[in-house]
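Please read the structure below before turning to the comments.
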Amino acid sequence: MRARSARQARERGGELGHRDNPVTSVVAPATMAGVDKVEVVVAHQACATLRVGDVFLKIDADQTRTDVEVEAMAMVPIPTPEVLWRKPPVLALAALPGTALGRLGEPSPASSAAWAAAGAAVRRLHDAPLPPWPGRSLDELAADLDRECAWLLTNDVLPADLVTRNREVAEAALRPWTPVFTHGDLQLAHVFVDGDEVTGVIDWSEASRGDALSDLATLTLGHEEHLGDVVAGYGTDIDLDVIRAWWSLRSLLGIRWLTEHGFDPSTPGAEVDVLRARM
């Protein structure tokens, strides 16, 4: 396992875009002949992504996640990477055109119109027929929050007042919702744009039935300045307090995983700063 910062972790969201030449890519079957290097995009004990030319090889120990990713991409009404081939445990995907909407902890280079387009794409996803598999229930989410807050406090990972305050904020997300088709990990680095248009969304292994506002919160995590653009593109009334609750909830739930997998949630602009912003 390679230790990487939280910002580097977000670059797995850019794993299917051309980072060396972001505006020139093809979504077409690609060969790996003549490739002179293999790039490790992200790697930890659960999965790894390698870049070999214009082909991205996703290797996952849990093929259930790959099953979900492939099936979800075939179902959703928004652009996704082309599946080139699959030979378990490897899934080969083509690069998307364009560049990621941004990175956590960095200013987004995308326009307000691009953020609005992302909101519109999320709305199309949420309006799609539900996937056949369920997501986490409200009770499971509440139990996860209890467990992670207890771990943060027991291990003195964060100050008690920071955990307590954000736990209070997060409670607003724990309410009944009408399930929609959610991406499940809609980081801004997973949304690719070219100019003001969305060219595709990657990393569908956590897609499921879920709360629409969780996707919108994940997309705008650490980029509150673009929440208005996303909501405008989404095109319906949004409870902003619940969005803020999901920011706290996602951050509290994510810190242990990031820490245990060699990532740093205290990187400027990352999860710990998101929690501090609620104080």
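If you use the numbering used here, the sequence shown corresponds to residues 185 to 463, in order.
Here a beta-carbon is modelled for each residue, glycine too, at the ideal position from N, C-alpha and C.
Over what stretch of residues does the beta strand (DSSP E) that includes residue i continue unbroken?
i: Gly384; result: 381-385
i: Thr366; result: 364-366
i: Val341; result: No beta strand (DSSP E) holds Val341; DSSP gives it neither H nor E.
i: Leu234; result: 231-236
i: Asp378; result: 375-378
i: Ile224; result: Here the sequence assigns Val to residue 224, which means Ile is not the residue at that position. Its beta strand (DSSP E) spans residues 223-227.
How many whole angstroms separate the CB atoms of residue i and residue j, which I take to be in contact at a CB cut-off of 8 Å?
i: Val426; j: Trp299; result: Rounded, the Cβ-Cβ distance is 19 Å, inconsistent with contact.
i: Gly289; j: Gly406; result: 6 Å
i: Asp311; j: Trp361; result: Asp311 to Trp361, Cβ: 15 Å. No contact.
i: Trp431; j: Ala401; result: 5 Å
i: Met463; j: Arg349; result: 6 Å
In three-state DSSP terms, what is residue i?
i: Ala294; result: coil
i: Arg462; result: coil
i: Arg270; result: strand
i: Thr264; result: coil
i: Thr208; result: Bear in mind that a pLDDT of 26 at Thr208, under 50, signals an unreliable position, so the model cannot answer this.
i: Thr348; result: helix
i: Ala284; result: strand
i: Ser398; result: helix
Relative to the ligand NAP, is the shortest distance from any of its heavy atoms to the C-beta of residue i smaller than 7 Å?
i: Leu288; result: This structure simply doesn't include the ligand NAP, nor any ligand for that matter.
Since residue i is in the alpha helix (DSSP H), which residue starts that stretch and which ends it?
i: Gly394; result: No alpha helix (DSSP H) contains Gly394, which is instead part of the beta strand (DSSP E) from 392-394.
i: Asp251; result: 247-259
i: Ala279; result: Neither: Ala279 is in no alpha helix (DSSP H) and is coded neither H nor E.
i: Ile243; result: No alpha helix (DSSP H) contains Ile243, which is instead part of the beta strand (DSSP E) from 239-244.
i: Thr443; result: 424-444
i: Gly417; result: 411-418
What does the alpha-carbon distance come out to for the pair residue i and residue j?
i: Leu424; j: Val364; result: 18 Å
i: Ile422; j: Val222; result: 43 Å
i: Pro313; j: Ser292; result: 31 Å
i: Glu455; j: Asp340; result: 16 Å
i: Ala302; j: Leu336; result: 33 Å
i: Pro265; j: Arg351; result: 36 Å
i: Gly286; j: Leu403; result: 10 Å
i: Gly412; j: Phe240; result: 33 Å
i: Thr366; j: Ala354; result: 19 Å
Could you work out which residue in the options is closest to residue i when comparing CA atoms only?
i: Leu459; options: Gly303, Arg428, Thr443; result: Arg428
i: Ala256; options: Leu358, Met463, Gly368, Leu336; result: Gly368
i: Val226; options: Gly237, Asp238, Asp220, Asp244; result: Asp244
i: His374; options: Glu390, Ala416, Thr362; result: Glu390
i: Asp238; options: Glu266, Ala278, Asp340; result: Ala278
i: Trp317; options: Val252, Glu381, Asp448; result: Val252
i: Val377; options: Ala356, Ser398, Ala305; result: Ala305
i: Pro281; options: Asp340, Asp380, Arg359, Pro261; result: Asp380
i: Leu436; options: Ala326, His228, Ala297, Leu309; result: Ala326
i: Asp328; options: Arg308, Ala357, Thr366, Asp220; result: Ala357
i: Gly417; options: Ser295, Arg393, Leu322; result: Ser295
i: Ala284; options: Ile386, Arg249, Glu324, His228; result: Ile386
i: His228; options: Ala276, Ala334, Thr451, Glu444; result: Glu444
i: Gln247; options: Asp457, Arg270, Pro261; result: Arg270
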